[in-house]
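Visitor: UniProt numbering applies: residue 1 is where the sequence shown begins, and numbers increase by one.
Mind having a look at this structure? Questions to follow.
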Amino acid sequence: MNRSSQPPVPRVTRSTGGRLTEPAERLDSVPGPYGKQRRKQTDSALAQDLSQMSMSGQDTLNNSPSASAVKSSSRGGLASVARLVKLGRCKNVVVVAGAGVSTASGIPDFRTPGTGLYANLEKYNIPYPEAIFNIDYFSNDPQPFFSLAKALYPGSHRPNYIHYFIRMLHHKGLLLRVYTQNIDGLEKLCGIPDDKLVEAHGSFATAACHLCYTAYPAEEAKQAIMNDKVPICTFCAATVKPDIVFFGEDLPQKYFLNTQDFPKADLLIIMGTSLQIEPFASLVNTVRSTVPRLLLNRNAVGPFEKVPLRRADHMELGDLEETVRRFAEMLGWNDDIEELMRSQETLSLPTLISSPLSVDQTSCQSRGAPAGTETSRSRAGGQRGASSGSEETDSETDSKSSESSSQST
Ligand code: OAD
C-alpha cells in the first residue's frame with residue numbers, strides 16, 4: 001500500500017494525559033547510539049482534536065478515584081447490558097479491543113507491570129520501551145524490532161473465548177465492527193470477516209518499505225526476519241517492515257470507518273485496553289452520549305476512571321475471559337460459543353492461518369446447514385454448527401456490511 005499518496009490520517013501517539021512520558025520527547029532527549037534523531041510531527045489535525053478530547057478527559061485522571069470506588073457506581077454492569085441486548089435494543093454493536101483480549105491466548109499485553117511486554121525489553125537495550133515500535137527509531141536501527149518480531153509473528157497462538165464471543169456477536173447479526181489495536185491476527189483467525197474488522201494498528205499480513213511504502217511480499221519479509229536478515233525494498237533499498245503501525249505512522253485508511261460506525265453504534269463494548277494510545281483511545285468518546293458503553297477490563301480506564309460515570313456507562317472489572325463467559329451465559333450464548341470453539345479446535349493452527357478466505361466462505365455457506373454439524377473452515381460447504389434457525393446468519397450480516405467494506409482499503 002503506497003501510503004504516501006493518501007490523504008493525511010491520524011498517526012499513532014501516546015495519550016497526552018501526562019501519566020506516561022511521550023516517546024517522541026524522550027527520543028529527542030536521549031542522544032543514544034542512534035545518530036541524529038528527527039523529531040516528527042506525529043499528530044495530524046484529526047489526531048490533535050482527538051488528543052485534546054482525551055486530554056480534557058484525562059485531567060480528571062490525576063485525581064482519579066480507586067477502581068473499587070468507580071465500580072460501585074457501575075449500575076449493574078453486565079446484567080443491564082445483557083438485558084438491553086436481549087430486548088433487541090443493541091443491533092449495531094461496536095467493539096473496541098486491546099491486548100487484554102489476547103492474554104488468555106498466552107500473549108502478554110503491553111503495560112501490565114511485571115508481565116507486560118514493555119516491562120520485559122531489557123535485552124533489546126533501547127532507551128524507553130515504546131522505542132521498539134517507534135518509526136524513527138526503527139529507521140535508525142531496525143534490529144530490536146526485528147528480534148522481537150520473531151516472537152510476535154502470528155503462528156503459535158490460538159483465539160480464545162473472548163475472540164469467539166466477538167465472532168458470536170457477528171454471527172447473531174449484531175456486530176457493526178470490531179476495532180482492534182492488536183497485531184496478533186487472532187480476530188481474523190477466529191473467523192471474524194475482514195469487512196467486520198478494523199486492525200487499527202495494522203498486522204503482519206502485509207509488508208512494505210518503511211520509507212516509500214512500496215509493497216513487499218509478506219512471506220518473504222517474514223522469512224528474512226526469521227533468518228536474521230533485513231528485508232530490503234526493491235524500489236529504494238530502504239528497510240522493509242511488516243505493516244504494523246508504529247508510533248509516528250499513519251493509521252490504515254480502514255480506520256476511517258470509525259466516522260460512520262461510532263455515530264451509528266447503539267452499544268460500545270470496550271475490552272482489554274488501557275486506552276493510552278491516540279488516536280484510538282478517543283474513539284470511545286465518539287459514540288452518542290446516550291449510547292451504553294460497557295467496559296470489560298481488569299481496571300477502570302479512560303473515561304471510566306471518572307466519577308460519576310456517564311449515565312449510560314457500565315463496567316465490569318476483573319479477568320476478561322471470566323467476565324465475558326458470564327456475559328455470554330446471561331445472553332444464553334455460551335453453548336453456541338463452546339460449540340464454535342470445539343469446531344475450530346479440530347483444525348491445526350497452520351490450517352487456520354493458511355485459509356483465512358475459507359473463514360468467510362464458511363460464514364456465507366452456513367445458511368441452512370443443520371445445527372450441530374462440525375465445521376471445517378478449510379472446506380467449502382462447512383458450517384459452524386452454532387446457528388439457530390431464528391437467528392440472522394453471518395451471510396445476512398455480511399450483506400449488511402457490504403457497503404462499508406467497499407470503502408475499506
Ligand atoms: P495495554 O497493555 O496498554 O492495556 C491492556 C489492558 O488490558 C490493561 O488495562 C490491562 O489491565 C488489561 N488486561 C490485560 N489482561 C487482562 C485480563 N486477563 N483480564 C482483564 N483485563 C486485562 O494494551 P493496549 O491498550 O492494547 O501500540 O495497548 C495499546 C497499544 O499500545 C498497542 O496497540 C501498542 C501499544 O504500544 C502500538 O504498538 C502502536
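Backbone N, C-alpha and C define an ideal beta-carbon position, used for all residues, glycine too.
The structure presented is a predicted model; accordingly, all values stated were derived computationally and were not measured.
Assuming K150 and I225 make a contact with CB atoms under 8 Å, what is their CB distance in whole Å?
Guide: 6 Å between Cβ atoms; contact.
Visitor: Roughly how many angstroms separate the alpha carbons of C212 and T180, rounded to a whole number?
Guide: Taking the straight line from one Cα to the other gives about 26 Å.
Visitor: Mark V178 as exposed unless 16 or more other C-beta atoms lie within 10 angstroms of its C-beta, in which case mark it buried.
Guide: Its Cβ being crowded by 16 or more others within 10 Å, V178 is buried.
Visitor: How about Q253: is its Cβ closer than 6 Å to a heavy atom in ligand 1?
Guide: No; taking the cut-off as 6 Å, the Cβ of Q253 has no heavy atom of ligand 1 nearer than that.
Visitor: By alpha-carbon positions, which one of A215, T112, K222 and A104 ends up nearest to C236?
Guide: Taking only the C-alpha atoms, the option nearest C236 is A215.
Visitor: Would you say V96 and I270 are within 7 Å of each other, going by their C-beta atoms?
Guide: Yes, the pair counts as a contact, with Cβ atoms nearer than the cut-off.
Visitor: Do the region 158-167 and the region 180-197 make contact, defined as three or more Cβ pairs closer than 8 Å?
Guide: Touching, yes, given that three or more Cβ pairs across the two stretches are closer than 8 Å.
Visitor: Taking the alpha-carbon positions, what's the R11 to F138 distance?
Guide: Going by the C-alpha atoms only, they are around 16 Å apart.
Visitor: Hey, quick one: how far does the alpha helix (DSSP H) through L340 stretch, first residue to last?
Guide: From DSSP, the alpha helix (DSSP H) with L340 extends over N334 to E345.
Visitor: Restricting to Cα atoms, I'd like to know which of E338, T351 and T346 is closest to M168.
Guide: Nearest of E338, T351 and T346 to M168, Cα basis: E338.
Visitor: Note the first and the last residue of the continuous beta strand (DSSP E) segment covering R293.
Guide: Start and end: R293 to N297.
Visitor: Since L275 and V81 are thought to touch, with beta carbons under 8 Å apart, how far apart are those beta carbons, to the nearest angstrom?
Guide: With a Cβ gap of about 19 Å, L275 and V81 do not count as contacting.
Visitor: L121 and I132 look like a contact to me (Cβ under 8 Å); what is the Cβ gap, rounded to whole Å?
Guide: Right, their Cβ atoms sit about 6 Å apart.
Visitor: Could you give the uninterrupted runs of the alpha helix (DSSP H) lying entirely in the region 224-288, keeping only those of 4 residues or more?
Guide: List check, alpha helix (DSSP H) in window: 258-264.
Visitor: Are I183 and S203 close, meaning C-beta to C-beta below 7 Å?
Guide: Going by C-beta atoms, I183 is nearer than 7 Å to S203.
Visitor: The alpha helix (DSSP H) spanning Y124 covers which residue range?
Guide: Element bounds for Y124: n/a, residue is neither H nor E.
Visitor: Looking at C-beta atoms only, is the number of pairs between the region 331-349 and the region 87-105 that lie closer than 8 Å three or more?
Guide: They do not touch, by the three-pair rule.
Visitor: Taking the alpha helix (DSSP H) that D136 falls in, what are its first and last residues?
Guide: I135 to N140 is the extent of the alpha helix (DSSP H) around D136.
Visitor: Can you name the residues that DSSP bridges to L197?
Guide: Bridge partners of L197: V178.
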